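Its first residue numbered 128, the sequence shown is counted upward by one per residue in the working numbering.
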Amino acid sequence: HIHNSNINMSYRGILKEHAGTLNAALHVVDWLAIALASWVAFVLYLGLAWMPESYMMVVMVALLLAATLFPRFSMYQAWRGASVIDEMRTISLAWGAVLLGLMFLAFFTKTGATFPRGWLGVWAVTGWVSLITSRVMLRLLLRWARSRGFNQRSVIIVGEAELGGEVIKRIQGAPWMGLNVVGFFSGEEEAHATAHTDAPLCGGLADVASDVTENGVDQVWVAMSLRDEEKLHQLLHALRYSTVDIRFVPDLFGLRLLNHSVMDVAGLPVINLSVSPMTGGSRWVKAVEDWVLALIILILVSPLLLLIACAVK
């Protein structure tokens, strides 16, 4: 089968196997970028090298807000092939939410006058620059690794021959995305399907689910018109127990479907129909993160809860 000849999984799948660990490391990198930016802003604005405890407490609150808000802004979604502008926009919104949270807490606790506004302003800029820089450097590193065959994701294309052939050409023309097309499945006649694409025809729509299960496919890209609604429903039903990521590449008629998350991958409008949010160690990391954040938040708000309880009493 073609899957066994495309990727040497013994060493090129190392990054894939540790995706959960890498995702957790990305959280830590973001937190370090914010903390480092706060210190740089302190040095630039106040000319001192050591931050007092009161300033460190502000940084800790910012890190707590970042740990809580960044995942809500999809900061740690799969950015493979997505536009750098989209990622920068997400980072800007997430960092802006953290700054607004700090401003709200400063107003609520009446501590805003304790800290220089200039320091907070410089921190806002250095923090944004640090987050953007770290993500751009990560993109360049991953592009370099993927262009050399590392951190690959196996993809099968399902659907119409002409649209599927165009999708395959786009993916194969962008090796930096780390997407490896390992097969094409079509509901059309074999002669017509193979005439529009260089990828081997592996079977029909009925063969997709078994191929995904047997060969460990990472993503299924559906390239068909929404006029084939019945075929699309059949495919989704067949994959209902699979954790594979399913993406829909619409034709011009399909662009009217706007109630799913849409992203641009290699110049193609891609709609995520079903994306597994967590794999491997990410489940445990997320669980621990939720419990720790809940405990910290409970400790921070406990004095307020006590006051409210006394007032009610």
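We put the beta carbon where it would ideally sit given N, CA and C, even for glycine.
All values reported here derive from a predicted model rather than from experimental measurement.
Segment contact, 8 Å Cβ cut-off, at least three pairs: the stretch 207-221 with the stretch 172-192: In short, these stretches do not touch, since the Cβ pair count stays below three.
Residue(s) in a DSSP beta bridge with residue 286: 350
C-beta contact flag for residue 188 and residue 226 at 8 Å: In this structure, residue 226 does not lie closer than 8 Å to residue 188 by Cβ.
Residue 219 (DSSP reduced to helix, strand or coil): helix
Selected residue, minimal CA-CA separation from residue 214, among 246, 363, 193, 265: 265
Buried versus exposed, by CB contacts within 10 Å (16 or more), residue 312: Around the CB of residue 312, 16 or more other CB atoms lie within 10 Å, so the residue is classed as buried.
Contact set for residue 169: own chain, Cβ-Cβ below 7 Å, skip 5 residues either direction: Result list for residue 169: 175, 178, 182, 246, in chain order.
Rounded C-alpha distance that separates residue 231 from residue 243: Computed Cα separation, rounded: 16 Å.
Identified DSSP bridge partners for residue 307: 281
Where the alpha helix (DSSP H) through residue 192 begins and ends: If you look at residue 192, you'll find it in the alpha helix (DSSP H) that goes 180-196.
Rounded Cβ spacing between residue 206 and residue 285 (contact assumed at less than 8 Å): That belief does not hold up - the Cβ atoms of residue 206 and residue 285 are roughly 24 Å apart, past 8 Å.
Minimum C-alpha distance to residue 211 - residue among 263, 339, 360: 263
Beta-carbon proximity list for residue 302, same chain, < 6 Å, skipping 5 on both sides: These residues qualify, in order along the chain: 274.
Unbroken alpha helix (DSSP H) run spanning residue 330, endpoints: Run containing residue 330: none in the alpha helix (DSSP H); it sits in the beta strand (DSSP E), 328-330.
Pairwise C-alpha distance: residue 345 and residue 280: 6 Å
Euclidean distance between Cα positions of residue 355 and residue 192: 45 Å
For residue 312, the three-state DSSP class (helix, strand or coil): strand
Any 3 or more C-beta pairs closer than 8 Å across the stretch 147-164 and the stretch 253-260: Yes, the stretch 147-164 is in contact with the stretch 253-260.
Expected contact under 8 Å - CB spacing of residue 290 and residue 376 to nearest Å: 7 Å
Residue 166 versus residue 250 - alpha carbon distance: 8 Å
Distance CB(residue 295)-CB(residue 304) smaller than 8 Å: Taking 8 Å as the Cβ cut-off, residue 295 and residue 304 do not qualify as a contacting pair.
Contact set for residue 195: own chain, Cβ-Cβ below 7 Å, skip 5 residues either direction: 420
Unbroken alpha helix (DSSP H) run spanning residue 261, endpoints: 244-274
Length of the line joining the Cα atoms of residue 150 and residue 440: 46 Å
Coarse secondary structure for residue 165, derived from DSSP in three states: helix
Classification of residue 374 by the beta-carbon crowding that lies within 10 angstroms, buried from 16 upward: Classification for residue 374: buried.
Same chain, Cβ closer than 7 Å to residue 362, neighbours up to 5 away in sequence not counted: 285, 332, 335, 349
Three-state secondary structure assigned by DSSP to residue 173: helix
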